[in-house]
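Undergrad:
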Amino acid sequence: MEIFGIPSQALFGQLLLGLINGSFYAVLSLGLAIIFGLLNIINFAHGAQYMIGAFLAWLGLNWLGINYWAALVLAPLVVGLMAVAIERLMLRHLYKLDHLYGLLLTFGLALIGEGLFRNYFGISGESYEPPEVLQGGVHLGFMYLPIYRGWVVVAALTVCTLCWYLIERTRLGATLRAATQRPDLVQALGINVPLMVTATYAAGAALAGFAGVLAAPIVQVNPLMGSNLIIVVFAVVVIGGMGSILGSIVTGLGLGLIEGLTKVFYPEASAVVIFVIMVIVLLLRPAGLFGKQA
């Protein structure tokens with residue numbers, strides 16, 4: 020069966036690939052949006068934290084025998100603890116300065132992290148096998164669905180939904196938003212604002228580590244995997260609206276699907292279609308699709 024002259028298996032296969040990429044875009048851009056929306060820090064180290072999450076899963080399996088399911092919990096936790104040290108020792112001195120200072124600091128940290136891993140592991144990449152229960156696939160009649168890729172989409176959507184609900188629909192989320200807008204007032208109510216800020220940065224970084232563990236069985240685990248993805252993720256955040264939680268999730272998934280369709284109908288443009296959309300959005304709506312106009 021063909022759809023618009025394209026074999027259905029090829030079309031749905033690319034849509035699945037686009038949905039998987041969109042899932043990674045959504046989780047990573049969600050972490051960036053949380054950090055920028057609540058801390059006003061442009062976290063360029065996000066790609067390195069994603070890469071470190073993948074390497075922690077690989078190192079845990081090959082050196083310590085830690086399985087995939089434990090790595091899904093432990094790797095984001097370790098990345099989050101590393102983020103606590105970064106926020107406590109470095110970032111908290113930059114909150115009252117221009118966004119550029121935070122961007123330059125986190126960009127430098129990303130280069131340091133990438134350089135260290137390149138020195139020890141090279142750039143050829145390491146393979147990471149998915150758990151046995153998630154291996155193989157299911158034939159749906161119109162396409163073959165690898166079980167692990169289906170799991171990635173479900174896991175990413177679940178995490179994104181929980182984070183959105185926590186920030187937008189709970190008292191804790193309301194307190195976090197209030198702490199970023201009126202920290203003096205929230206502090207006067209007896210709430211430890213610096214601790215909340217630290218926890219927020221750690222949570223955003225942990226999302227990057229979680230995405231890295233999800234990506235490890237799909238892509239080669241290598242030091243460049245974060246830098247190859249972070250520019251696209253920043254474009255997703257800009258299109259959705261800087262700091263918009265819902266915008267990051269919806270835009271990440273949508274742009275992943277658009278990228279997948281572009282690979283079917285016009286493969287030459289698949290590498291730039293997201294950036295073309297970003298330019299158009301910035302011209303028509305500078306605050307992003309879901310951002311608030313100044």
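Letter by letter, the sequence shown follows residues 20 to 313 in the working numbering.
Every residue gets a Cβ at the ideal spot worked out from N, C-alpha and C, and that includes glycine.
Given the structure is predicted, the values throughout are model-derived calculations rather than measurements.
(1) Once you ignore the five residues that flank Phe140 on each side, which residues in its own chain have a CB closer than 7 Å to its CB?
(2) Could you check if Leu233 is buried or exposed, using at least 16 other CB atoms within 10 Å of its CB as the buried criterion?
(3) When you compare only the Cα positions, how much space is there between Tyr285 and Leu204?
(4) Contact defined as beta carbons within less than 8 Å: I believe Leu108 pairs with Gly121. What is the distance between those atoms, to the nearest angstrom?
(5) So, helix, strand or coil for Pro236, using DSSP?
(6) Roughly how many angstroms separate the alpha carbons of Val257 and Gly37, rounded to a whole number?
(7) Could you tell me which residues DSSP puts in a beta bridge with Leu124?
(8) Just verifying my parser: in three-state terms, what is the DSSP assignment at Leu208?
(9) Pick from Gly259, Gly279, Ala288: whose alpha carbon is nearest that of Ala306?
(10) Which residue marks the beginning of the alpha helix (DSSP H) containing Gly84, and which one marks its end?
(11) Is Pro165 helix, strand or coil when you go by DSSP?
(12) Could you tell me the boundaries of the beta strand (DSSP E) in which Val152 lies?
(13) Grouping DSSP H, G and I as helix and E and B as strand, with all else coil, what is Ile25?
(14) I'd like the list of long-range same chain contacts for Ala225, defined as Cβ closer than 6 Å, with 5 residues on each side in sequence excluded.
(15) Give the C-beta separation of Met261 and Gly223 to the nearest angstrom, bearing in mind that I take them to be a contact with Cβ-Cβ under 8 Å.
(16) How would you call Gly275, buried or exposed, if buried means at least 16 neighbouring beta carbons within 10 angstroms?
(17) Might you give, ordered along the chain, the residues of its own chain that have their beta carbon closer than 8 Å to the beta carbon of His158, omitting 5 neighbours on each side?
(18) Between the Cα of Gln28 and the Cα atoms of Leu280, Leu116, Gln206, which residue gives the shortest distance?
TA: If we stick to the structure as given:
(1) As a working note, residue 140 is residue 121 in the sequence shown. The residues are Pro242.
(2) To locate residue 233, count along the sequence shown from 1; it is residue 214. Under this definition Leu233 is a buried residue.
(3) Walking along the sequence shown from the start, residue 285 turns up at place 266. Walking along the sequence shown from the start, residue 204 turns up at place 185. Straight-line measurement puts the Cα of Leu204 at about 53 Å from the Cα of Tyr285.
(4) As a working mapping, residue 108 is identified with position 89 in the sequence shown. As a working mapping, residue 121 is identified with position 102 in the sequence shown. At roughly 14 Å, the Cβ-Cβ gap does not stay under 8 Å, so Leu108 and Gly121 are not in contact.
(5) Mapped onto the sequence shown, residue 236 falls at position 217. Three-state DSSP puts Pro236 in coil, outside helix and strand.
(6) The residue given as residue 257 occupies position 238 in the sequence shown. The residue given as residue 37 occupies position 18 in the sequence shown. A straight-line Cα-Cα distance of about 19 Å links Val257 and Gly37.
(7) Numbered from its first residue, the sequence shown carries residue 124 at position 105. Answer is none; Leu124 lacks a bridge partner.
(8) Numbered from 1 along the sequence shown, position 189 holds the residue referred to as residue 208. It is coil, neither helix nor strand.
(9) As a first step, residue 306 must be located in the sequence shown, where it is residue number 287. Ranking the options by Cα distance to Ala306, first place goes to Gly259.
(10) As a working mapping, residue 84 is identified with position 65 in the sequence shown. Annotation for Gly84: no alpha helix (DSSP H) segment contains it, and DSSP assigns it neither H nor E.
(11) Taking the first residue of the sequence shown as 1, we reach residue 165 at position 146. Of the three classes helix, strand and coil, the one that applies to Pro165 here is strand, per DSSP.
(12) Translated into positions along the sequence shown, residue 152 becomes position 133. Careful: Val152 lies outside any beta strand (DSSP E) and carries neither H nor E.
(13) In the sequence shown, counting from the first residue as 1, residue 25 sits at position 6. In the structure shown, Ile25 falls within a strand segment according to DSSP collapsed to helix, strand and coil.
(14) As a working note, residue 225 is residue 206 in the sequence shown. For Ala225, where only same-chain residues beyond five positions count, the Cβ hits under 6 Å are Pro95, Val98, Gly99.
(15) For the purposes of this step, residue 261 is taken as the residue at position 242 of the sequence shown. For the purposes of this step, residue 223 is taken as the residue at position 204 of the sequence shown. Contact between Met261 and Gly223 fails: their C-beta atoms lie close to 14 Å from each other, not under 8 Å.
(16) For the purposes of this step, residue 275 is identified with residue 256 of the sequence shown, where counting begins at 1. Buried, by the Cβ-count rule.
(17) Mapped onto the sequence shown, residue 158 falls at position 139. Leu164.
(18) Numbered from 1 along the sequence shown, position 9 holds the residue referred to as residue 28. For Gln28, the closest alpha carbon among the candidates Leu280, Leu116, Gln206 is that of Leu280.
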